[in-house]
Each structure stands twice: as structure tokens, then as C-alpha cells.
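> The opening residue of the sequence shown carries number 688 in my numbering; numbering runs sequentially from there.
Even for Gly, the Cβ is constructed at its ideal location relative to N, Cα and C.
Sharing a structure, written as C-alpha cells. Questions coming.
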Amino acid sequence: MKKRVGAIEEFEFLPLTEGKQLHITIAITGWLCAGKYGSFTAPWSSLLQSSEQYCLAWESKYLMELGNTLDYLLNGFVNMMAQEALKLTVLSGIVTALTWPTSLLTVASVIDNPWGVCLHRSAEVGKHLAHILLSRQQGKRPVTLIGFSLGARVIYFCLQEMAQEKDSQGIIEDVVLLGAPVEGEAKYWKALTKVVSGRIINGYCRGDWLLGFVYRTSSVQLNVAGLQPVDLDDRRMVNMDLSSVVKGHLDYMKQMDTILKAVGIKTKECRLEEKASAGLFPPPAKKSQQEAGGETQEEENTVQEEDGAGGGHWSWAPTASSSLNSGHLSSVPADTSRDREVAAGAGTD
């Protein structure tokens, strides 16, 4: 029987790799659009942070509507006015809604509703992800979370929710938030340090006028993490200026390979370079084969040891307390009247 969790219509983990490892990576896409980037897995084709990786598929109907609208705005006449708007609106990451040109605001209704709906739903999905991780369906293995745009917002609300619960330590290793449409003041990020044991990476671009425009309804004046560094005094906080790579908000999807390398996340290309570098001084062929066999046996033993310790492969099988069915939550028709109510005032964290 298909189940749903509150207002969430779609929540499913899609495997990006077939391997098993003591470390798990979950990638979260921020929107979808027709064509090449119509799937949740498309932006993560080069990701190879760990041998066991998943991509979270969530609320595809709403993310597709949003992505197509963003693409329309960027490629339409709004793009011609953007540079002038940028000079007036994005100053050191501060968005001042009152200064947006009237000509730009005339098309605001095209994007405001789908954006507001997705802001609300991303927060709900993030909270649900938090409880999935807290239930330790992945065993006792550390998890790295990577997301862009609304996917980064999912991560933000996931960590905020986890920080409010007991026994939330020791689950999250690193988090990477790229172009995050969330509050950028340090006091709101302090809670994340309670949950994350490794790095908290905030990738931003000061010239991302599209993010500034769609987020303007949150407040007359607001700090946005995706537009500026988060001034949190903690050694785990790492701010990465991606302005040399990201020229606009849609680049977070299109330039993901380059972005991942820029923030220190391993990709398939990085792995190939490591192997090529190691091949500069190759051992004798016979010894190499023996080592390869030994490494294979060692890897099998490592996985078996973890299985014996109670971790095991993250199968996403439902538990007695789990609301998931067959490891995922499928799309179910929902009453979107709440979305329309939220859309008008959405954007607040």
C-alpha cells in the first residue's frame, strides 16, 4: 500500500552507485527542468565521494514546474534587465526588495507561486529526512549531505530538525550547501555545529541575481547564504566563493562537475587522476595482481565486519516505526490548497 508523510507526496532514495562502504553520501537536487536535466540523478553523474551514494528524489511535480519557470525567466527578456537590477539589489549579499525595477516585478507572478510552494515543501522534506537519519536506517555509518539551491535548503532544515533531537551526534560527517536559499546570519547556522562533525561548506555567488530576485519576498532586507559568506566563528564552517564558476543560479546544475572539485568533493575525474598518479611507479605485474586480490578480500572483510557490528548495507527497508514503504514514498495526489496559501508568504525560514 502506498503511504504518504503529512503533505509530502514523493520521497525516495535512488542509488547513484552499486558499491558498499562504511561512509554514505546523499545528493539532493534543487530543481528539475525539461531535457537533459529532467532527472534527479543528472547533476551527479560525476560524483564519487564514496562507493555508496544515493540521490534523494522528492516532489518532482513541483520541482519540474519551478525549473521550467526559472529557465523561462533566465532565457527571456528578464535576463536583459538583470545586470542593471543586480547593481541595485545585491550589495554584499544584502537583498533590498524595494529597489527591484518595476519592469522586473511585472513578471514576478510567474515565479513567485512555484517558488513559494517549493520553499515550503523543501522545509518539510528536510524535516522528514532528519527523522529518517535519526532512526539510523543506514546503521552507524557516517553520512555526507550535498545539495544545491532548494536541495541545499532541504539539508539546512534537516540539520535544524536534527539539532532539536537527542542523540543527533555521530550521524552527519560533512555537509555541502550550494546556492542555498536560506537565512545567512551566523546565529541561525550555530545549531548545525551540534550535528555536523566535519565541514559545513557554504558555496555562494554574490552575482546570483536570480536567487536574490526569487528570495526577495522573504523580507524587505535579508541576508541570503547563497549570496554571501556565513560569518560563523567555528573551525568547521567553510565559505567558498564560487563566482568564478557560477555566473547565474542555473549554473549550479550545469556546472556541478566543476563546482564539486572546487569545494573539495571527489569526482570520477579526481579518482582517475589519483590512479594515473599512482601508476607512475607501478609494481611488478605479479605482485600487483596479488595486491589487487588482497585488497578485494580486505574490502569484503571490512563490509562483513560492519554488517556484524549492526551497520550493514543501507537497504531502506521499512521498520516498525518507519512510515516508508519498500524504502521509499511514492507520489500520491495531494490537496494543494495549503500550498497556495503558503506561496503568498513563503520564503521565511
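Residue 742 by DSSP, collapsed to three states: which one?
Working through the sequence shown from its first residue, we reach residue 742 at position 55. Three-state result, residue 742: strand.
> Residue 834 lies in the beta strand (DSSP E); which residues open and close that run?
Indexing the sequence shown from 1 puts residue 834 at position 147. Taken as a continuous stretch (DSSP letters only), the beta strand (DSSP E) holding residue 834 covers 830-835.
> Taking C-beta to C-beta, are residue 741 and residue 698 nearer than 8 Å?
Counting from 1 along the sequence shown, the entry for residue 741 is found at position 54. Counting from 1 along the sequence shown, the entry for residue 698 is found at position 11. No, these two residues do not count as a Cβ contact at 8 Å.
> Using the Cα positions of residue 950 and residue 881, report the straight-line distance between them to the nearest angstrom.
Position 263 of the sequence shown, counted from the first residue, corresponds to residue 950. Position 194 of the sequence shown, counted from the first residue, corresponds to residue 881. C-alpha separation (whole angstroms): 22 Å.
> What does the Cβ neighbour count give for residue 890, buried or exposed, with the cut at 16 atoms within 10 Å?
The residue labelled residue 890 in the question sits at position 203 within the sequence shown. The residue is buried, with at least 16 neighbouring Cβ atoms inside 10 Å.
> What is the rounded straight-line gap between the Cα of residue 805 and the Cα of residue 953?
The count along the sequence shown starts at 1 and reaches residue 805 at position 118. The count along the sequence shown starts at 1 and reaches residue 953 at position 266. Rounded to whole angstroms, residue 805 to residue 953 spans 29 Å at the Cα level.
> Suppose you measure from the CA of residue 876 to the CA of residue 863; what does that come to, to the nearest Å?
One-based indexing of the sequence shown puts residue 876 at position 189. One-based indexing of the sequence shown puts residue 863 at position 176. For residue 876 and residue 863, the distance between alpha carbons rounds to 13 Å.
> From the DSSP output, which residues share a beta bridge with residue 868?
Sequence index remark: in the sequence shown, residue 868 carries index 181 (1-based). Per DSSP, none; premise fails for residue 868.
> If we call anything under 8 Å between Cβ atoms a contact, is residue 743 one with residue 713?
Within the sequence shown, the letter at position 56 stands for residue 743. Within the sequence shown, the letter at position 26 stands for residue 713. Yes.
> The alpha helix (DSSP H) with residue 803 in it runs from where to where?
Numbered from its first residue, the sequence shown carries residue 803 at position 116. 795-821 is the span of the alpha helix (DSSP H), which, as asked, contains residue 803.
> By a C-beta neighbour count over all protein chains shown, 10 Å radius and 16 as the cutoff for buried, is residue 868 buried or exposed?
Locating residue 868 in the sequence shown gives position 181, where the first residue counts as 1. Residue 868 is buried by the Cβ-count criterion.
> Between residue 721 and the ligand ATP, is there a pair consisting of the residue's CB and a ligand heavy atom that are separated by less than 7 Å?
For the ligand ATP, the structure offers nothing, since it holds no ligand at all.
> Judging by CA-CA distance, which residue of 830, 720 and 824 is the nearest neighbour of residue 710?
Translated into the one-based positions of the sequence shown, residue 710 becomes position 23. Residue 710 has its Cα closest to that of 830, out of 830, 720 and 824.
> Can you tell me where the alpha helix (DSSP H) holding residue 752 begins and where it ends?
The sequence position of residue 752 within the sequence shown is 65, counting from 1. Note, residue 752: alpha helix (DSSP H), 747-762.
> Would you check if there are 3 or more beta carbon pairs closer than 8 Å linking the region 840-851 to the region 720-734?
Verdict: no, contact absent.
> Run through DSSP, which three-state label would residue 862 get?
Stepping through the sequence shown from its first residue, residue 862 is reached at position 175. Three-state result, residue 862: strand.
> Kindly identify the DSSP beta-bridge partner or partners of residue 702.
On the sequence shown, residue 702 is found 15 positions in, with the first residue counted as 1. Looking at the DSSP assignment, residue 702 forms a beta bridge with 741.
> Just verifying my parser: in three-state terms, what is the DSSP assignment at residue 826?
Here residue 826 is taken as the residue at index 139 of the sequence shown, counted from 1. Here residue 826 sits in coil by DSSP.
> In terms of DSSP beta bridges, what is residue 716 paired with?
On the sequence shown, residue 716 is found 29 positions in, with the first residue counted as 1. Bridge partners of residue 716: none, in fact.
> Among 922, 926 and 910, whose alpha-carbon lies nearest the alpha-carbon of residue 916?
Here residue 916 is taken as the residue at index 229 of the sequence shown, counted from 1. It is 926 whose Cα lies nearest to the Cα of residue 916.
> Grab the span of the beta strand (DSSP E) containing residue 890 for me, first residue to last.
Residue numbering aside, residue 890 sits at position 203 when the sequence shown is read from its first letter. Note, residue 890: beta strand (DSSP E), 887-891.
> Please go through the same chain and pick out, in chain order, the residues whose beta-carbon is closer than 7 Å to the beta-carbon of residue 802, but skip the five residues on each side of it.
On the sequence shown, residue 802 is found 115 positions in, with the first residue counted as 1. If we look at residue 802 and ignore the five residues flanking it on each side, its Cβ neighbours are 753 and 901.
> Looking only at its chain, what residues have a beta carbon closer than 7 Å to the beta carbon of residue 812, apart from the 5 residues adjacent to it on each side?
Against the sequence shown, residue 812 aligns to sequence position 125. Within the same chain, residue 812 has close Cβ partners 695, 698, 745, 746 and 841.
> Mind checking which residues open and close the alpha helix (DSSP H) that includes residue 944?
The count along the sequence shown starts at 1 and reaches residue 944 at position 257. Counting along the chain, the alpha helix (DSSP H) containing residue 944 begins and ends at 943-949.
> By the three-class DSSP mapping on this structure, what secondary structure does residue 880 have?
Within the sequence shown, numbered from 1, the residue matching residue 880 stands at position 193. Correct three-state label for residue 880: helix.
> Leaving out five residues on either side along the sequence, give the residues of the same chain with a beta carbon under 7 Å from the beta carbon of residue 761.
For the purposes of this step, residue 761 is identified with residue 74 of the sequence shown, where counting begins at 1. Within the same chain, residue 761 has close Cβ partners 897, 935 and 937.
> Pull up the distance between the alpha-carbon of residue 735 and that of residue 851, whole angstroms please.
Stepping through the sequence shown from its first residue, residue 735 is reached at position 48. Stepping through the sequence shown from its first residue, residue 851 is reached at position 164. Answer to the nearest angstrom: the Cα atoms are 31 Å apart.
> So who's on the other strand from residue 911, going by DSSP bridges?
In the sequence shown, the residue the question calls residue 911 occupies position 224. Paired residue(s): 870.
> If you draw a straight line from the C-alpha of residue 948 to the C-alpha of residue 835, how long is it?
For this step, residue 948 is matched to residue 261 along the sequence shown. For this step, residue 835 is matched to residue 148 along the sequence shown. Roughly 14 Å separates the two Cα atoms.
> Please confirm whether residue 848 and residue 817 have their CB atoms less than 8 Å apart.
Counted from its first residue, the sequence shown places residue 848 at position 161. Counted from its first residue, the sequence shown places residue 817 at position 130. Yes. Within cutoff.
> Distance, Cα to Cα, residue 930 vs residue 894?
The residue given as residue 930 occupies position 243 in the sequence shown. The residue given as residue 894 occupies position 207 in the sequence shown. Cα to Cα, residue 930 sits roughly 7 Å from residue 894.
> Out of curiosity, what's the CA-to-CA distance linking residue 798 and residue 759?
For this step, residue 798 is matched to residue 111 along the sequence shown. For this step, residue 759 is matched to residue 72 along the sequence shown. Roughly 10 Å between the two C-alpha positions.
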